[in-house]
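Working notes, beginning with the structure itself.
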Amino acid sequence: MNRQQSYGLIGVLVASVVLNLPYIPYYNPLSCDTETYRYVALVMKKGGIPYRDVFDHKPPLIYFINYTGLFLGGWLQWLINTMLAMLATLLFFRLGRKYRLAYPWLLPLLFNLMLRDILICGTGGMTREYTTVLLLIFFCVMMGENRWRYYALGILSGLIFFIQQEGALPLVPFFIYAFMRKGDNVSVRGRIFGSVTGGLIITLPIILYFAFHHALGPFLRDAFGFNFGWYTTAIPSSFGDHLRRAKQVLDKGNYEVPTLVAMTLGIGALVWFRSSNQRLILASLAGVILSISAEFMGGHGVMGGFTHYYLPLSASLSILLFTVFAFVEEPFLQGRKVIGIFGILVCTSLCYTFLQHITHLTPRRENNVVISPELNYLRQHPPGDYQLYAFGDHNYICAYNEFGIQAPSTWVYHFWRLYKDWDKDYAILHSIEQDLLRHQTAYIIDCSRNPALEYKEPVTGMWRAFLEEHYQQVPMTDTTGVTLWKWKGTAVE
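Sequential numbering from 0 applies to the sequence shown in numbering that gives the first Met the number 0.
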């Protein structure tokens with residue numbers, strides 16, 4: 000490595016760290032998803048088991064990752080996130096240098112800029128952040144020559160699948176390419192055996208963990224049955240709706256230019272340009288499409304607010320551009336000036352987004368939920384385990400994490416407003432009510448009357464009747480429709 004390349008490597012690694020600074024625990028924006036992961040980790044710390052003692056439908060590894068966030072005030076998890084991004088950056092830089100790209104630091108920089116785009120990711124620590132980083136690491140390992148790499152590919156596939164299931168879909172075209180590749184120093188049988196063995200290294204301990212804790216049934220029901228049932232099929236939307244949504248997200252999230260440049264060059268490499276590895280370019284194009292498959296599952300993206308579905312593009316588009324620059328044999332795509340121009344095109348707007356973000360940071364403690372009158376009241380009357388329940392707004396799961404307490408019900412969030420036939424007989428609603436009565440839960444944060452959340456009858460009526468029978472409202476001013484209720488028979492202060 001010459002001095003110029005050394006400077007490039009150091010520069011892009013420093014950039015990776017700097018781009019992750021706005022997501023330190025002090026500034027990381029509040030998100031109901033990440034708060035849920037943290038809460039499940041908290042339940043685990045108290046001896047509970049995911050799915051059995053608390054409902055969520057994500058695969059389990061995200062909870063174990065968040066378990067680290069319970070130490071050092073979340074800094075340990077932030078450090079893990081940063082180190083993973085730096086590892087992917089290092090491997091991608093080395094791959095670019097191996098194939099003699101004009102600027103081996105350029106595509107790793109693009110990857111980091113897209114990965115930390117606040118307009119897309121929304122917050123740090125989401126499942127697709129991890130699967131996106133692992134996707135890029137997977138590609139770098141696949142392009143190597145180590146004889147043990149197929150075991151590593153299997154391990155990486157298992158990690159991705161058990162963090163976010165559809166995150167494994169972009170791996171499919173690369174596995175097909177790897178298994179069909181000629182001249183490999185590993186036989187086809189060895190490739191399959193290594194990949195399967197690597198996958199089992201991740202899968203078997205997870206299955207044994209839940210089986211040992213008598214939670215295998217809830218694990219399969221929630222992490223698989225719910226996802227492949229309700230989550231992927233319950234919200235109808237047309238293909239055109241998804242395309243319009245994709246255009247909107249790519250435009251507003253500053254992903255549009257990188258997408259247009261990468262897809263144009265990728266398609267051109269198949270149709271017009273001479274290239275030495277069209278199969279890999281085709282696999283990379285397929286990987287781009289499959290990396291946003293979540294948009295087309297269940298209609299959630301069309302509803303809005305699910306921009307993080309597009310985060311995997313930060314890896315898949317960077318990979319596609321790499322295959323073009325590494326294997327297209329047209330002289331104009333190998334020149335430093337042309338590649339520099341493409342680099343300016345794909346990175347400039349993303350750099351501006353980062354500058355806007357880092358110069359307008361808002362501390363997490365100033366979030367509207369964190370400073371709400373309800374939580375300020377509870378800070379003066381701290382609840383214990385099972386003595387607080389938040390209903391309606393999943394962002395208030397942060398209250399359990401702040402007070403370090405366990406909710407009285409396994410159902411810390413609900414789907415009545417998303418799925419018309421979910422809990423059709425209201426058995427889940429009644430079970431929540433019974434849990435509250437059993438524990439005589441002292442406080443309830445009720446968000447069901449917030450118009451923005453669209454809770455409808457008869458759920459709101461049944462829930463309101465329960466509150467009025469067993470609880471009394473704590474008088475306070477809140478214009479968002481949130482109310483705090485206290486168990487009857489105790490004085491309201």
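Glycine is no exception: its CB is placed at the ideal position from the N, C-alpha and C atoms.
- Message: With a threshold of 6 Å on Cβ separation, who are the neighbours of Y129 within its own chain once the five nearest residues in sequence on each side are excluded?
- Response: Position 130 of the sequence shown, counting from 1, holds the residue named residue 129. I162, listed in sequence order.
- Item | Beta-carbon separation (whole angstroms), S186 vs G153, contact threshold 8 Å | If you number the sequence shown from 1, residue 186 lands on position 187. If you number the sequence shown from 1, residue 153 lands on position 154. With 8 Å as the limit, S186 and G153 do not qualify as a contact, their Cβ atoms being about 16 Å apart.
- Can you give me the Cβ contacts of V248 inside the same chain, cut-off strictly under 6 Å, excluding the 5 residues immediately before and after it? Position 249 of the sequence shown, counting from 1, holds the residue named residue 248. For V248, where only same-chain residues beyond five positions count, the Cβ hits under 6 Å are T306, Y309.
- Query: Which residue comes first and which comes last in the alpha helix (DSSP H) that contains F331?
  - Reply: Position 332 of the sequence shown, counted from the start, is the residue given in the question as residue 331. Where F331 is concerned, there is no enclosing alpha helix (DSSP H), given that its DSSP letter is neither H nor E.
- Task: Given a cut-off of 9 Å, decide if N19 and N80 are closer than it, judged by their beta-carbon atoms.
- Result: Stepping through the sequence shown from its first residue, residue 80 is reached at position 81. Stepping through the sequence shown from its first residue, residue 19 is reached at position 20. In this structure, N19 lies closer than 9 Å to N80 by Cβ.
- Task: Indicate the three-state DSSP secondary structure (helix, strand or coil) for P372 in the structure shown.
- Result: For the purposes of this step, residue 372 is identified with residue 373 of the sequence shown, where counting begins at 1. Reduced to three states, the DSSP call for P372 is helix.
- Item | Residue from F137, L168, P372 whose Cα sits closest to the Cα of M475 | Looking up residue 475 in the sequence shown gives position 476. The shortest Cα separation from M475 among F137, L168, P372 belongs to P372.
- Secondary structure at L349, three-state DSSP: helix, strand or coil? Taking the sequence shown and counting its residues from 1, the one referred to as residue 349 is at position 350. Note: L349 maps to helix in three-state DSSP.
- Query: What do you get for I206, buried or exposed, if any count of 16 or more other CB atoms within 10 angstroms of its CB means buried?
  - Reply: Here residue 206 is taken as the residue at index 207 of the sequence shown, counted from 1. Classification for I206: exposed.
- beta strand (DSSP E) segment containing V260, residue limits: Within the sequence shown, numbered from 1, the residue matching residue 260 stands at position 261. Counting along the chain, V260 falls outside any beta strand (DSSP E), though it belongs to the alpha helix (DSSP H) covering 255 to 270.
- Item | Which of helix, strand or coil DSSP assigns to Q472 | Sequence index remark: in the sequence shown, residue 472 carries index 473 (1-based). Looking at Q472 - three-state DSSP - the assignment turns out to be strand.
- Return the first residue and the last residue of the alpha helix (DSSP H) that L108 is part of. Taking the first residue of the sequence shown as position 1, residue 108 is located at position 109. Run containing L108: 105 to 114, per the alpha helix (DSSP H) assignment.
- Buried/exposed call for G157, threshold 16 Cβ in 10 Å: Here the question's residue 157 lines up with position 158 in the sequence shown. Answer is buried; the Cβ neighbour count reaches 16.
- Message: Along the chain, where does the beta strand (DSSP E) containing A389 start, and where does it finish?
- Response: Sequence index remark: in the sequence shown, residue 389 carries index 390 (1-based). Element bounds for A389: 387 to 390.
- Taking DSSP as the reference, what is the three-state secondary structure of W444? Position 445 of the sequence shown, counting from 1, holds the residue named residue 444. The amino acid occupying residue 444 in the given sequence is Ile; Trp does not appear at that position. Here I444 sits in strand by DSSP.
- Per DSSP, cross-strand counterpart(s) of V53: Within the sequence shown, residue 53 is the residue found at index 54, counting from 1. The partner list for V53 (beta bridge, DSSP) reads P49.
- Query: Can you tell me the Cα-Cα spacing of T202 and Q472, whole angstroms?
  - Reply: For the purposes of this step, residue 202 is taken as residue 203 along the sequence shown, with counting starting at 1. For the purposes of this step, residue 472 is taken as residue 473 along the sequence shown, with counting starting at 1. Near 48 Å, if we compare the C-alpha coordinates of Q472 and T202.
- Query: Just checking my contact of A282 with I175 at CB under 8 Å: how many whole Å lie between their CB atoms?
  - Reply: Within the sequence shown, the letter at position 283 stands for residue 282. Within the sequence shown, the letter at position 176 stands for residue 175. The pair is a contact, with the Cβ atoms about 7 Å apart (cut-off 8 Å).
- Item | Stretch pair the stretch 96 to 108 + the stretch 324 to 334: three plus CB contacts closer than 8 Å | yes
- Can you tell me whether D116 is buried or exposed, with buried defined as 16 or more other CB within 10 angstroms of its CB? Taking the first residue of the sequence shown as position 1, residue 116 is located at position 117. Flag for D116 reads buried.
- Message: Here's the rule: buried if 16 or more other CB atoms are within 10 angstroms of the residue's CB, otherwise exposed. What is V562?
- Response: Since the first residue of the chain shown is 0 and the last is 492, residue 562 is not available in this structure.
- Could you tell me which residues DSSP puts in a beta bridge with S274? Position 275 of the sequence shown, counted from the first residue, corresponds to residue 274. For S274, which the question treats as bridged, DSSP gives the partners V327.
- Item | Terminal residues of the alpha helix (DSSP H) in which L495 lies | It is not possible to answer for residue 495, since the shown part of the chain is limited to 0 through 492.
- Message: For L320 and V458, I'd like the C-alpha separation in whole angstroms.
- Response: The residue labelled residue 320 in the question sits at position 321 within the sequence shown. The residue labelled residue 458 in the question sits at position 459 within the sequence shown. Answer to the nearest angstrom: the Cα atoms are 50 Å apart.
- Pair within 9 Å by beta-carbon distance, A245 and V327: By 1-based counting over the sequence shown, the position of residue 245 is 246. By 1-based counting over the sequence shown, the position of residue 327 is 328. Taking 9 Å as the Cβ cut-off, A245 and V327 do not qualify as a contacting pair.
- Message: Would L90 and C139 be called neighbours here (beta carbons separated by less than 9 Å)?
- Response: Translated into positions along the sequence shown, residue 90 becomes position 91. Translated into positions along the sequence shown, residue 139 becomes position 140. Cβ atoms of L90 and C139: closer than 9 Å.
- Task: With a threshold of 16 other CB atoms inside 10 Å of the CB of L111, please say whether the residue is buried or exposed.
- Result: Along the sequence shown, one-based indexing puts residue 111 at 112. It should be noted that the sequence gives Asn, not Leu, for residue 111. By the neighbour-count rule (16 or more Cβ atoms within 10 Å), N111 is buried.
- Message: Along the chain, where does the alpha helix (DSSP H) containing W74 start, and where does it finish?
- Response: Residue numbering aside, residue 74 sits at position 75 when the sequence shown is read from its first letter. Its alpha helix (DSSP H) spans residues 74 to 97.
- Message: Check whether the stretch 142 to 152 and the stretch 49 to 67 are in contact - that is, three or more C-beta pairs closer than 8 Å.
- Response: no
- Task: Please state whether DSSP places T482 in a helix, a strand or coil.
- Result: The count along the sequence shown starts at 1 and reaches residue 482 at position 483. Reduced to three states, the DSSP call for T482 is strand.
- Note the first and the last residue of the continuous alpha helix (DSSP H) segment covering D240. The residue labelled residue 240 in the question sits at position 241 within the sequence shown. 238 to 251 is the extent of the alpha helix (DSSP H) around D240.
- Measuring alpha carbon to alpha carbon, tell me which of F390, T131, M43, D55 ends up nearest D32. Taking the first residue of the sequence shown as 1, we reach residue 32 at position 33. Among F390, T131, M43, D55, the Cα nearest to that of D32 is on D55.
- Query: Is H212 helix, strand or coil when you go by DSSP?
  - Reply: For the purposes of this step, residue 212 is identified with residue 213 of the sequence shown, where counting begins at 1. Correct three-state label for H212: coil.
- Item | S274 classed as buried or exposed, judged by whether at least 16 other C-beta atoms fall within 10 angstroms | As a first step, residue 274 is located in the sequence shown; it is residue number 275 there, counting from the start. Result: buried.
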